[in-house]
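Engineer: Protein chains in written order, with our numbering: chain B, 140 to 299; chain Z, 604 to 1357; chain R, -10 to 275.
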């Protein structure tokens, strides 16, 4: 298989990489670019641990070919904090104890950010259905949903 | 040094508060390193070839083409794992499970493994391995496996625990009996008796992180293993035993762990990765695919349970009898025994008997899953208890309160209870607002109780006081979900310093003494005990150093509020020395300051919970939604209440999944049909409501802060609580878990058709 | 395996026609990439069609709504006019997988995957949707119902691909709906799916009815007899009961890991009744 050269933008930086034609974006991120924040929990798009943004859409990076991101903008968990400053979602996840083992956390954060970017004031039901593609086996989701609600309120400027 | 582990009530400054966890930033920024997030230069990629058959004799394995393939550096089969187990049946089972020796025992059983330069070469090489099988009849159902004409998995298994030992082999490897009194006499006194049979299906722990490791094994016997595990010391010992290595030369480093719930207490592929590395002379990375996780790791037992329960009209249980049949996969275990022990543990019974049968089937080797074996037994018993309460016209909570075990009760499995929480959780349920909230059409409320023993065991902890007075602690107990924060809180409390001045890490196997794994809800209980002990030892050192500094007798120095203080008016002009002040002088007073502890944590307090849930059932489709859920559980002492609540909520969610949708589904061919998160249906975010929690604190007398284990009990009541709620909603008793929509609809139709 | 990203339909179809070994069209990839991970998967060529002009567009034309084969299902929901005209089809498309899957999956892909349980297919069939199929011999319009033949098999010939799905224009007083049953609230494959499409006369009488069932046969089931029972009714209780019975009768499902024969037949009727009610109410509002 001939490798493919790909030019893309990841977390605002221009990045060139080569990959195999059948290599997933997740494998490219993790194995070629050292961005190991996205996790492989299933490889079939059923767990959301590899959630990544491509051109503003939330996707499972395990179900995107590396070759497909030519000329796109990719955003990963590594780009979520600005400098050392955590995004409000990241801060609220810690404050609300919304993680136990933490393996699903990067995926939840990327997915939750995609939600709040388009819906700054989601209902609990909207949060739950939006995040239904992100499995968490530790928390029962309670504290995750609360963290998203808290972060949304803070981002709307309603922090108590 | 002697260590007093007894509980003493005192005013607390740190324990019981909710500070931010120390590993939070790493985990929300993607920096935390899990099993698959580690690489070694030049590492190979390994893949495992697995059996497509449920039961077959391995006639021949030809690996020659794979070995010759481009990029392949090593191929191993059972031939590369000589039997070093010296007749230890448990170790032999682990060995055979890691790599099938003569027969494959289940769909997914490993038969060979390859290490190659990349994933594609490894995958291609698997296809070049030719395995010749002689397919044998298989059995996956627990009841079918007990029939006289069932295919026998292992003809050297004769039922243990019965006199005389049978002369013909069978799939029933053990019978275990518990109880006291005379159940027949008890039933004779009963006004109402019910007798029911229940079934539960096999479930998987469902941790989101697949098993992963990086192994380096050199020809000189030195080795390193990076692995996601609940117990790196146990993994070290198992791997060393199976591969003939010296344990001390195998250094195991635990990664962050992406969920375990019991499923990462067993070695699966780690010995295989080490063997491949030894053969190839290079490091080997082995990460299971999700499908392999389902087919070949985990799961819990499938069960079939009969319960007979009798009570007087005024609500006193006169006798309880349970017969429990648990699958163990292809190897003997003690799963039915645990089920038999826990069945009636919530109740104070004069006459009780439980009998557990451990049954071999062609399914993966059963692994611990959060309070292993207890949820199924509780499902059966708590369903029967509920039905009996209905029958005698008594409120389900009142009936349980009347029969609840209390301090001094002889438990159904033997010991006499100390102070316990079953009564208080029931009292709290009785008065909880949830209990009296109105229900709508097609809604039902259910409740159930649960019990778990909790473990203690061997534990090590090192505390080092830095020159600036900040403290680093190494513990040997894996942090599966926040225990580093709890350790820091405990140490802060003992030393009298700030939580923020303490950093806790998990030490590797060569930096600490042996440590049992994080199972049996022992993590915080045991490791905090060792941390308390280490802190007290460090304080002893600091008292000595203060005495040297002041040049006064050591016995005149006492420790209070984070300071060494001189006792008595004669030292009136000596101002107390802080940890930082003592540490700063350590170079002049005797060197670095540390406290160590190696102990056996005894006296893990048993734990009880009561759960309440409301469901709504669509009577036309059998679809169930959980609309409200409350967990009430005794924590002994909640060190970090956020993470105690998290354990309660997480256990409840797993139990809800088990109750409603999760199950292993086997085809006629004995192959697993749903080895993925698509059709193995764990609860998703939109399936659940908020899960309310109420923490009760009935101190464990055997822990300095009264801590009990909290991790497991929360998965015990949900199966019954949900089934009781569904039964109350639709008016038909549901006796087969999961109570999936087809089962509910079929039960409703059967009822309608009389 | 070769990966190609052509910029015209002609390039795409000639690549597909000339491929040695198996060739696959890559649109959203949410089925294809899962299959690619299988140990037995072999492909000579994958043709990513998303760079072809128009593939990612939804156009409103004289024919109706033309949905390019690369349009992710999430975009259907974001298209107000499409959502207003065909809420049932849009809802069906939006039931496929998670938010993450929605960002990638397409209705064309859902159709070509040829799963009997595909959510968007019964809704599209009830809606009378057509597939615009391009190939070496040119372009043809094929009713959506004729694309899948059996599980995993389509009527597309070598070199052919779906360029777009065309949903017809809507008359007044028309409404559609799709309901499916899954054990959880999200993330499952349909155990049963029902698409209903109705047009009403001015007095609220059903004038035309189309009903299609998913996951109750080897491919989407057009429940013609069941649909006919609705014509001339105002969805009275008896009409709905008749519809339910007819849909159950039209179902010939199998027992599998997702459901039983009895369950699927029963629930097909229940969902048909409920979906018809929703479609009827929607039609009445217009």
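Beta carbons: idealized from backbone N, C-alpha and C, even for Gly. Since we're looking at a predicted model, the values are computed, not measured.
1. Out of 702(Z), 1206(Z), 721(Z) and 930(Z), point me to the one whose CA is closest to residue 713(Z)'s CA.
2. Report yes or no: do the region 938 to 950 of chain Z and the region 914 to 929 of chain Z share at least 3 C-beta pairs separated by less than 8 Å?
3. Taking just the CA atoms, how far does residue 644(Z) sit from residue 809(Z)?
4. Evaluate the contact criterion for the region 28 to 35 of chain R versus the region 0 to 12 of chain R: three or more CB pairs, one atom per stretch, below 8 Å.
5. Listing by chain order, which chain R residues have their CB less than 7 Å from the CB of residue 1284(Z)?
6. I'd like to know whether the C-beta of residue 37(R) is nearer than 9 Å to at least one C-beta of chain B.
7. Beta-carbon of residue 197(B) versus every beta-carbon of chain R: anything under 9 Å?
8. Under 9 Å, Cβ to Cβ, is there at least one residue of chain R near residue 155(B)?
9. What residues are listed by DSSP as bridge partners for residue 54(R)?
10. Is there contact between the region 1051 to 1066 of chain Z and the region 276 to 293 of chain B, where contact requires at least three CB pairs shorter than 8 Å?
11. List, in chain order, every chain Z residue whose beta-carbon is nearer than 9 Å to that of residue 273(B).
12. Could you give the DSSP three-state label for residue 677(Z): helix, strand or coil?
13. What did DSSP end up calling residue 1354(Z) once you bin it into helix, strand or coil?
14. What is the rounded straight-line gap between the Cα of residue 1036(Z) and the Cα of residue 1298(Z)?
15. Give the single residue among 1218(Z), 1096(Z), 1252(Z) and 1231(Z) whose Cα lies nearest to the Cα of residue 614(Z).
16. Kindly give me the distance between the Cβ atoms of residue 897(Z) and residue 1256(Z), rounded to whole angstroms, as I take these residues to be in contact under 8 Å.
17. Run down chain Z in chain order and give the residues with a C-beta less than 7 Å from the C-beta of residue 255(R).
18. For the beta strand (DSSP E) that residue 203(R) lies in, which residues bound it at each end?
19. Decide if residue 1176(Z) is buried, meaning its Cβ has at least 16 other Cβ atoms within 10 Å, or exposed.
20. So the alpha helix (DSSP H) residue 994(Z) belongs to, where does it begin and stop?
21. In whole angstroms, what is the alpha-carbon distance linking residue 1066(Z) and residue 1083(Z)?
22. Can you round the beta-carbon distance between residue 853(Z) and residue 698(Z) to whole angstroms, since I take them to be within the 8 Å contact cut?
23. When the distance is taken between beta carbons, is residue 1235(Z) closer than 9 Å to residue 930(Z)?
24. In chain R, which residues lie less than 7 Å from residue 1224(Z) when you measure between Cβ atoms?
25. Since residue 829(Z) sits in a beta bridge, which residues does DSSP pair it with?
26. Alpha carbon to alpha carbon, how far is residue 148(R) from residue 24(R)? Give it in angstroms, no decimals.
27. Could you give the distance in angstroms between the alpha-carbon of residue 626(Z) and the alpha-carbon of residue 1080(Z)?
28. What does a CB cutoff of less than 6 Å around residue 672(Z) pick up in its chain, not counting 5 residues either side in sequence?
29. Are the C-beta atoms of residue 227(B) and some chain A residue less than 9 Å apart?
30. Start and end of the alpha helix (DSSP H) containing residue 0(R)?
31. Could you have a look at residue 1007(Z) and say whether DSSP puts it in helix, strand or coil?
32. From this set, 226(R), 51(R), 238(R) and 15(R), which residue's C-alpha is nearest residue 203(B)'s C-alpha?
33. For residue 1066(Z), which of helix, strand or coil comes out of DSSP?
34. Count the C-beta pairs between the region 1246 to 1265 of chain Z and the region 1181 to 1198 of chain Z that are closer than 8 Å, then say yes if the count reaches three, no if not.
35. Check residue 867(Z) in the structure and name its three-state DSSP category.
36. Based on Cα-Cα distance, which residue from 1309(Z), 875(Z), 1340(Z) and 752(Z) lies nearest to residue 681(Z)?
Structural biologist: Judging by the given coordinates:
1. As a first step, residue 713(Z) must be located in the second chain, where it is residue number 110. Nearest C-alpha to residue 713(Z): 702(Z).
2. yes
3. Taking the second chain and counting its residues from 1, one reaches residue 809(Z) at position 206. Taking the second chain and counting its residues from 1, one reaches residue 644(Z) at position 41. Taking the straight line from one Cα to the other gives about 31 Å.
4. yes
5. For this step, residue 1284(Z) is matched to residue 681 along the second chain. Here the neighbours are 172, 173 and 177.
6. By one-based count along the third chain, residue 37(R) stands at place 48. At least one chain B Cβ lies under 9 Å of residue 37(R).
7. Counted from its first residue, the first chain places residue 197(B) at position 58. With 9 Å as the cut-off, residue 197(B) counts as an interface residue toward chain R.
8. Residue 155(B) sits at position 16 when you count from the first residue of the first chain. It does not; no Cβ of chain R falls within 9 Å.
9. Sequence index remark: in the third chain, residue 54(R) carries index 65 (1-based). BP columns for residue 54(R) point to 49(R) and 156(R).
10. no
11. Locating residue 273(B) in the first chain gives position 134, counting from the first residue. Ordered by position in chain Z, the residues that pass the 9 Å Cβ test against residue 273(B) are 1287 and 1288.
12. The sequence position of residue 677(Z) within the second chain is 74, counting from 1. Three-state result, residue 677(Z): strand.
13. Translated into positions along the second chain, residue 1354(Z) becomes position 751. Helix at residue 1354(Z).
14. The count along the second chain starts at 1 and reaches residue 1036(Z) at position 433. The count along the second chain starts at 1 and reaches residue 1298(Z) at position 695. Spanning the two alpha carbons is a distance of roughly 15 Å.
15. Position 11 of the second chain, counting from 1, holds the residue named residue 614(Z). The shortest C-alpha separation from residue 614(Z) is found at 1096(Z).
16. To locate residue 897(Z), count along the second chain from 1; it is residue 294. To locate residue 1256(Z), count along the second chain from 1; it is residue 653. Actually they do not touch by this definition, with Cβ atoms about 19 Å apart.
17. If you number the third chain from 1, residue 255(R) lands on position 266. The answer, in chain order, is 1348.
18. On the third chain, position 214 is the one that residue 203(R) refers to. It spans 195 to 203 - the beta strand (DSSP E) in which residue 203(R) sits, taken as one unbroken run.
19. Numbered from 1 along the second chain, position 573 holds the residue referred to as residue 1176(Z). Exposed, by the Cβ-count rule.
20. Translated into the one-based positions of the second chain, residue 994(Z) becomes position 391. 977 to 994 is the span of the alpha helix (DSSP H), which, as asked, contains residue 994(Z).
21. Mapped onto the second chain, residue 1066(Z) falls at position 463. Mapped onto the second chain, residue 1083(Z) falls at position 480. Computed Cα separation, rounded: 20 Å.
22. The count along the second chain starts at 1 and reaches residue 853(Z) at position 250. The count along the second chain starts at 1 and reaches residue 698(Z) at position 95. That pair is no contact at about 16 Å.
23. As a position in the second chain, residue 930(Z) is number 327, starting the count at 1. As a position in the second chain, residue 1235(Z) is number 632, starting the count at 1. No, these two residues do not count as a Cβ contact at 9 Å.
24. Your numbering for residue 1224(Z) matches position 621 in the second chain. Per Cβ cutoff of 7 Å: 170, 256 and 259.
25. Counting from one through the second chain, the residue named residue 829(Z) turns up at place 226. DSSP lists 817(Z) and 856(Z) as partners of residue 829(Z).
26. As a working note, residue 24(R) is residue 35 in the third chain. As a working note, residue 148(R) is residue 159 in the third chain. Near 20 Å, if we compare the C-alpha coordinates of residue 148(R) and residue 24(R).
27. Counting from one through the second chain, the residue named residue 626(Z) turns up at place 23. Counting from one through the second chain, the residue named residue 1080(Z) turns up at place 477. Their backbone Cα atoms lie some 16 Å apart in a straight line.
28. Along the second chain, one-based indexing puts residue 672(Z) at 69. Only 728 and 731 meet the Cβ criterion.
29. Judged by its chain identifiers, the structure shown contains no chain A, and its protein chains are B, Z and R.
30. For this step, residue 0(R) is matched to residue 11 along the third chain. It spans -2 to 7 - the alpha helix (DSSP H) in which residue 0(R) sits, taken as one unbroken run.
31. Counting from one through the second chain, the residue named residue 1007(Z) turns up at place 404. Three-state DSSP puts residue 1007(Z) in a strand.
32. For the purposes of this step, residue 203(B) is identified with residue 64 of the first chain, where counting begins at 1. Nearest of 226(R), 51(R), 238(R) and 15(R) to residue 203(B), Cα basis: 15(R).
33. Residue numbering aside, residue 1066(Z) sits at position 463 when the second chain is read from its first letter. Looking at residue 1066(Z) - three-state DSSP - the assignment turns out to be strand.
34. no
35. The sequence position of residue 867(Z) within the second chain is 264, counting from 1. Coil.
36. The sequence position of residue 681(Z) within the second chain is 78, counting from 1. Comparing Cα positions, the closest option is 875(Z).
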